[in-house]
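Numbering (this note's numbering), first residue to last: 28 to 166.
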């Protein structure tokens, strides 16, 4: 089980890094700055942020089912988005680009819809990988 947990955590780190690299790559190619807010940059960034957060949940709790991890990731994304209604993330983002990237800047209903777009495919991939892994162990 230790090897499986280690493999899941390594996959989670690689997934998070890939999501972040893709998000920053899209911004670099199509927007040029971290503050660009075109539809492609905004929506892909939101979905890929959710993907990275899902990977973080899997890293912290590698034995959780993909559905539970996905629900946690989407729930955390929604909580962070709703926190933006308080104005605190906007104030904090004035002091740090890192805080802006983590907490966002302003509430957007559109983001609430894009979070599952970033999580659901990873849940499905993990479910498929676990199913295949069980089949290989059975043979």
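From the three backbone atoms N, C-alpha and C, an ideal C-beta is built for every residue, glycine too.
Starting from the Cα of residue i, find the closest Cα among the options and give me that residue.
| i | options | result |
| --- | --- | --- |
| residue 118 | 161, 104, 131 and 141 | 131 |
| residue 36 | 71, 82 and 74 | 82 |
| residue 66 | 86, 88 and 138 | 138 |
| residue 80 | 69, 145 and 116 | 145 |
| residue 99 | 52, 115, 60 and 147 | 147 |
In three-state DSSP terms, what is residue i?
| i | result |
| --- | --- |
| residue 121 | coil |
| residue 34 | helix |
| residue 145 | helix |
| residue 132 | coil |
| residue 160 | helix |
Using 10 angstroms around the beta-carbon of residue i, count the other beta-carbons present and answer buried if the total reaches 16, otherwise exposed.
| i | result |
| --- | --- |
| residue 149 | buried |
| residue 161 | exposed |
| residue 97 | buried |
| residue 78 | buried |
| residue 46 | buried |
| residue 165 | exposed |
| residue 122 | exposed |
| residue 32 | exposed |
| residue 41 | exposed |
Which whole-angstrom value describes the C-beta separation of residue i and residue j, a residue pair presumed to lie in contact below a C-beta threshold of 8 Å?
| i | j | result |
| --- | --- | --- |
| residue 141 | residue 73 | 4 Å |
| residue 126 | residue 120 | 6 Å |
| residue 39 | residue 95 | In fact, because the Cβ distance is near 14 Å, the residues do not count as touching under 8 Å. |
| residue 107 | residue 143 | So it is not a contact: roughly 14 Å between Cβ atoms. |
Alpha helix (DSSP H) runs wholly inside the region 36 to 109, at least 4 long, in chain order: List check, alpha helix (DSSP H) in window: 66 to 87.
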